[in-house]
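In this text, residue positions in the sequence shown follow my numbering: the first is -14, and each later residue adds one.
Built from N, CA and C at the ideal position, the CB exists for glycine as well.
Okay, structure first, notes after.
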Amino acid sequence: MTQLTATRVKRNYLQPRLGINIQFSPYDKLAPYVYGGGSYMANLSGQLNGDSNVAKSDALGFHYGAGLQYVINDDISVSLFMENTHTNADDIDGNVFGNISDRFYNMGIQIKYRLGKKRNYDALQ
-14 MTQLTATRVK RNYLQPRLGI NIQFSPYDKL APYVYGGGSY MANLSGQLNG
36 DSNVAKSDAL GFHYGAGLQY VINDDISVSL FMENTHTNAD DIDGNVFGNI
86 SDRFYNMGIQ IKYRLGKKRN YDALQ
């Protein structure tokens, strides 16, 4: 759940996303990647705190980003990423200004743990 905070606005959004991830060196321990896709931002603020005066502005958007993944072992990898999300709404941050839609940036660290059958990388090369 993404939480956006401004001086007078605090809203909670649920942001399901669908996209594609392109990894440039999938068999190396250190691999850069890019990704992008579409998203839907559902404003949950009114439902979460029971306030019916909260503007319920949902939005569509698209996101894109880049990252660097380090594979620790067959099960665990760590990634650093940076992404940008553009939306079709102008009131997500509580500030409506002109015709410019809101956008926001995320940076983070991601830890992945793989479940299920292990891949045989030697057979793929």
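Task: Which of helix, strand or coil DSSP assigns to Phe9 - done: In the structure shown, Phe9 sits in coil (DSSP, three-state: anything other than H, G, I, E or B).
TODO: Determine the extent of the beta strand (DSSP E) in which Lys97 is found, giving its start and end residues.
DONE: Under the DSSP assignment, Lys97 falls in the beta strand (DSSP E) whose first and last residues are 88 to 98.
Open item on the list: I need the boundaries of the beta strand (DSSP E) containing Ser64, first residue and last residue.
Closed with: 61 to 72 is the extent of the beta strand (DSSP E) around Ser64.
Open item on the list: Can you tell me where the beta strand (DSSP E) holding Gly52 begins and where it ends?
Closed with: In the DSSP assignment, Gly52 falls within the unbroken beta strand (DSSP E) covering 44 to 56.
Open item on the list: Checking the sheet assignment: what are the DSSP bridge partners for Leu3?
Closed with: Under DSSP, Leu3 forms a beta bridge with Gly23.
Open item on the list: Given a cut-off of 8 Å on the beta-carbon distance, is the pair Met67 and Gly46 in contact?
Closed with: Contact: no.
Task: Integer Cβ distance of Ala74 from Ala27, believed to fall under 8 Å - done: With 8 Å as the limit, Ala74 and Ala27 do not qualify as a contact, their Cβ atoms being about 12 Å apart.
TODO: Return the chain-ordered list of same chain residues with a C-beta closer than 7 Å to the C-beta of Ser86, the five sequence neighbours on each side being excluded.
DONE: Cβ neighbours of Ser86 beyond the five flanking positions: His71, Thr72, Asn73, Ala74, Asp75.
- [ ] Figure out for me which residue from Ser24, Pro11, Arg88 has the closest Cα to the Cα of Leu(-1).
- [x] Here the closest residue by C-alpha is Ser24.
Task: Rounded C-alpha distance that separates Ile57 from Lys14 - done: Taking the straight line joining both Cα atoms gives about 7 Å.
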